[in-house]
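Residue numbers (my numbering), protein chains in the order written: chain A, 1 to 210; chain B, 1001 to 1210. C-beta atoms are modelled at their ideal positions from N, C-alpha and C, and glycine is treated no differently. On a predicted model such as this, the values are computed, not experimentally measured, just so you know. Inspection log for the structure reproduced underneath, given as structure tokens.
There are 2 protein chains.
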Amino acid sequence: MARTARDQEERIRERNRRLILKAGIDVFSRKGFDGTRIAEIAEKSGLPKANVYYYFSSKEEIYTAIVAHLIESWDDALKPITAESEPADAFRNYVRAKLEYTRRNAAESRLFASEIIHGARFLKKKDREHMRQVTDRHVEVVDGWIAAGKMMPTDARHLFIMLWAATQFYSDFEPLACDALRKSRLKAEDYEKAAETVIETLLCGILPKA
Amino acid sequence: MARTARDQEERIRERNRRLILKAGIDVFSRKGFDGTRIAEIAEKSGLPKANVYYYFSSKEEIYTAIVAHLIESWDDALKPITAESEPADAFRNYVRAKLEYTRRNAAESRLFASEIIHGARFLKKKDREHMRQVTDRHVEVVDGWIAAGKMMPTDARHLFIMLWAATQFYSDFEPLACDALRKSRLKAEDYEKAAETVIETLLCGILPKA
DNA sequence: TCGTAAGTTGACACTTTGGTCAGCTTTTGC
DNA sequence: GCAAAAGCTGACCAAAGTGTCAACTTACGA
């Protein structure tokens, strides 16, 4: 038999933990930390409540596990920003990748947004430091582009904030986005149009060329 | 004596309701709807809990009163966008006004952001419709500018989303903004710099002119 | 000054909910 | 096959938190 004891054990652990975390993302993102009841996570994951506590020792532990995990997964979206690439291509790809990511992972995105809005209570020092360093590295890249005359002189840090803000908005504040666009739901094509507008506005400006 | 009975009565009512709403903004913005305990609002407002329930029949009523009130106060920030003004001036003034407003009213801003992120559960139909109509009117103005050749053709609705996103970010996601800017706290000058960057980026684009 | 309405409040009832636990079943390693 | 470890779970508890209430005080109007 191919599956060893250890294998099987890990399989059960992993499967159930994943079920719990997945249900947690769903509920936490809709209700926030305090609004979430473990009973609902248990229900969603198809496990009895006591079983949830067998794998996680507290509500906070589930929550922080989710937050920590999704921070890692964001690094990918920033990949397009490298010193070797051309600014125009890099920003185009970044905006597209980020919008696509938040569209597909809207729940995680909202969960994180809610966490930050309420003061980043449960965001671990380590994870914050990681994000700061990733930002620093990308700021350096942009400053390099500016020094090389490939870009107008701009404050790179504020620029990244604008990019983050614009790309998060559609998923995090979906009700507002829907209202502003006069749509009942956002579809892939709305995100396409969003990417287009953000990119065009950023790269070309909104005034007629002098 | 100038103050009549009616006056006095209103004075007490108004004063206490205001105390409660003010405390509510503070606590709701930090803890969210579910994380907020009426006891804490009572404490902050210096009133006993039972007295809070004398003026508001439920937690939800306090919350929705706050949300409804702050939606009105936002209309002011959009004042600069009128058909008569020049696009460049209008956007400049709008961004400045909005950033200044959110800086001074960060708690309200976060409270509203949290409400939207969690699905706008308590946002009244009437208030949503009001916001939609305000947006519509401003979209018409921008479309007018475009038709008159004063602006590059751009999707006005996505443009307003970008503006909203960028101007809300610094207050709503202050911890992230601090990290990105490598500051421990945001000061007025940081908002100044933010306004500058947003305006420059929007109006001129980030690439060297062709 | 006195009756009435408004305002105040400590104590309490009731529900929700995070977390525990003791005993059970299943799986594993040998 | 069997002991030990891992996994499972219904029942329970204590804390917290919303909303109520009946009695009390203050303010007002005539």
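- Our two residues, B:Val1095 and A:Glu100, have alpha carbons roughly 27 Å apart in a direct line.
- Rounded to the nearest whole angstrom, the CA to CA distance from A:Arg13 to A:Ile199 is 44 Å.
- What B:Thr1154 touches in chain A, judged by beta-carbon distance under 8 Å, is Thr197, Glu200, Thr201 and Ile206, going in chain order.
- Pairing A:Lys44 with B:Lys1150, the inter-Cα distance amounts to about 53 Å.
- DSSP places A:Asn105 outside both helix and strand once states are collapsed to three, so it counts as coil.
- Contact between A:Phe122 and A:Tyr63 holds: CB atoms are separated by about 6 Å, below the 8 Å threshold.
- Counting along the chain, no alpha helix (DSSP H) covers B:Ala1083, and no H or E run does either.
- Taking the Cα of A:Leu163 as reference, the smallest distance to any Cα among A:Ala97, A:Glu84 and A:Thr82 is reached at A:Ala97.
- B:Ala1177 counts as buried, since no fewer than 16 other beta carbons sit within 10 angstroms of its beta carbon.
- At a cut-off of 7 Å, the C-beta of B:Gly1035 has a neighbouring C-beta in chain A.
- Under the DSSP assignment, A:Ala147 falls in the alpha helix (DSSP H) whose first and last residues are Lys125 to Ala147.
- In the three-state reduction of the DSSP assignment, A:Gly46 falls in the coil class, being assigned neither a helical nor a strand state.
- Contact fails between the region 185 to 203 of chain A and the region 1015 to 1025 of chain B, because fewer than three Cβ pairs, one in each stretch, are under 8 Å apart.
- The alpha-carbon separation between A:Ala156 and A:Ile66 amounts to approximately 29 Å.
- Residue-level contact by beta carbon fails for B:Ser1109 and chain A, as no gap is shorter than 7 Å.
- Rounded to the nearest whole angstrom, the CA to CA distance from A:Glu192 to B:Ala1050 is 52 Å.
- In this structure, A:Asp179 and B:Thr1135 form a Cβ contact; the two beta carbons are roughly 7 Å apart against a cut-off of 8 Å.
- Under the three-state reduction of DSSP, B:Gly1032 is assigned to helix.
- It is roughly 37 Å from the alpha-carbon of A:Glu61 to the alpha-carbon of A:Ala90.
- Rounded to whole angstroms, the gap between the alpha carbons of B:Lys1183 and A:Ile161 is 14 Å.
- Contacts with chain A (Cβ-Cβ distance below 9 Å) from the region 1170 to 1185 of chain B involve Tyr1170, Asp1172, Phe1173, Glu1174, Pro1175, Leu1176, Ala1177, Asp1179, Ala1180, Leu1181 and Arg1182, listed in chain order.
- Under a criterion of Cβ atoms nearer than 9 Å, the residues of chain A adjacent to B:Ile1116 are, in order, Asp172, Phe173, Glu174, Pro175 and Leu176.
- It is roughly 28 Å from the alpha-carbon of A:Thr102 to the alpha-carbon of B:Asn1105.
- Going by DSSP, B:Pro1153 is part of no alpha helix (DSSP H) at all; its letter is neither H nor E.
- With respect to chain A, the C-beta atom of B:Arg1137 has no partner C-beta closer than 7 Å.
- Between B:Arg1011 and B:Arg1018, the alpha-carbon positions lie close to 10 Å from each other.
- A direct Cα-to-Cα measurement between A:Phe112 and A:Phe28 gives close to 10 Å.
- In the DSSP assignment, B:Asp1075 falls outside any alpha helix (DSSP H), carrying neither H nor E.
- With respect to the C-alpha of A:Arg128, the residue from A:His69, A:Lys79 and A:His158 having the closest C-alpha is A:His69.
- One Cα belongs to B:Lys1079, the other to A:Asp190, and the distance between them is close to 28 Å.
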